[in-house]
Each structure stands twice: as C-alpha cells, then as structure tokens.
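As structure tokens, the structure follows; a few thoughts come after it.
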Amino acid sequence: MAASSLLVLIVDDEPPVVDILRHVGKKHFPEATFISANSPLETLLYLDDASKPQPNLILLDIDLHSVINGIELLPQIRALTRKLIPIIMFSTSDAQPAITDAYTRGAAVYTRKPYDLDGWVDYVTILRDYWYRVSLLPSKK
534 MAASSLLVLI VDDEPPVVDI LRHVGKKHFP EATFISANSP LETLLYLDDA
584 SKPQPNLILL DIDLHSVING IELLPQIRAL TRKLIPIIMF STSDAQPAIT
634 DAYTRGAAVY TRKPYDLDGW VDYVTILRDY WYRVSLLPSK K
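So in my numbering, the last spot in the sequence shown is 674, and the numbers never skip.
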C-alpha cells in the first residue's frame, strides 16, 4: 500500500455490498484499499490485532444480523481505536432514532446505502472527494 493511500474497513455482513464497494472503489477511488469484516467479532479481532494494518476509515453497517448491531458495536470500535478513526455509518434506514443514536455513540457521519450502481459510484466518489482530497486524518502510529 502506497504512503498516500487509505485503508477502508467495510463492516457489513452482505457480500454483495462489500463486492460492489471494492469494484467501484478500484475505478473511482484507486487511492483506497477496501478490506472487510462481516461480523462484530471479526471486526473487533481485526482492530485489536497489532500485526494488522489499521484502517484510516471504517464504513459500518447498522444491520449486521448479529447479537449486536452496528450502533451497539460503535462504542467498542471507538474504544479500540482510541477514537482516532472516523466511522461512517451506512444503512438503508433513515429512521431518526437510529441517526441520533449513531451520532451520540460516536459516528462521524450517517449515510444511506445507495440502491443502484450509479448511486454506489456517487457514494464512492463522495468518499474520495471528502475523506481523501479534503479532510486531514490522523496519522497511524
């Protein structure tokens, strides 16, 4: 991975979502490498493993079809990452209680998952424009 690249951890239990993000990312966000975890446990084990490269961004789905959902997982991720990695919640839901809860628990942003390929292209392009071209992220230690 080049020094100027970003590592994006996708936390989602739906392989098609991960596949489309990787596919669209290769073309529209080549500065990023997309890796994935498909469960809360896998996510926590990855982030707790000092031998693994730590992500610059985390895309966290709410509905993980697990004992805990993404919003409940959020504070655990924040604790493991010492609150230094921005967490972008992404969901098909636009329910106000979930949005408020996500921000209360430490999400940097709450976004809606796109419904079609053009939407995913726009989503990834916006990720690139904001998180790679505009914002400054903490360096990894």
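Where a beta carbon is used, it is the ideal one built from N, C-alpha and C, also for glycine.
Whole-number beta carbon distance between residue j and residue i, since they are thought to touch under 8 Å
| i | j | result |
| --- | --- | --- |
| F623 | L592 | 6 Å |
| S584 | T566 | About 17 Å; that fails the 8 Å criterion. |
| L540 | L577 | Not confirmed; about 17 Å, so no contact. |
Distance between residue j and residue i (C-alpha atoms, nearest Å)
| i | j | result |
| --- | --- | --- |
| I620 | D651 | 23 Å |
| P549 | S672 | 31 Å |
| T644 | I595 | 11 Å |
| L617 | Y579 | 16 Å |
| S668 | K559 | 20 Å |
| I604 | T625 | 14 Å |
| H561 | P588 | 19 Å |
| E564 | A570 | 20 Å |
| T633 | N602 | 15 Å |
| E636 | Q609 | With the sequence shown as reference, residue 636 is identified as Tyr, and Glu is not the correct amino acid for it. Roughly 14 Å separates the two Cα atoms. |
| R666 | V642 | 17 Å |
| E575 | K646 | 22 Å |
| R615 | L670 | 14 Å |
| I659 | V600 | 32 Å |
| D581 | E547 | 23 Å |
Check whether residue i and residue j have beta carbons under 8 Å apart
| i | j | result |
| --- | --- | --- |
| G639 | R661 | no |
| P573 | L597 | yes |
| I568 | L542 | yes |
| V557 | W653 | yes |
Closer than 7 Å: residue i CB and nearest the ligand ZN heavy atom
| i | result |
| --- | --- |
| I618 | Inclusion of the ligand ZN in the displayed structure is not the case, the ligand content being empty and no account of it being possible. |
Burial state of residue i, where buried means 16 or more other Cβ atoms lie within 10 Å
| i | result |
| --- | --- |
| L554 | buried |
| D545 | buried |
| A475 | A query on residue 475 cannot be resolved here, the shown segment of the chain reaching from 534 to 674 and no further. |
| V551 | buried |
| Y648 | exposed |
| V657 | buried |
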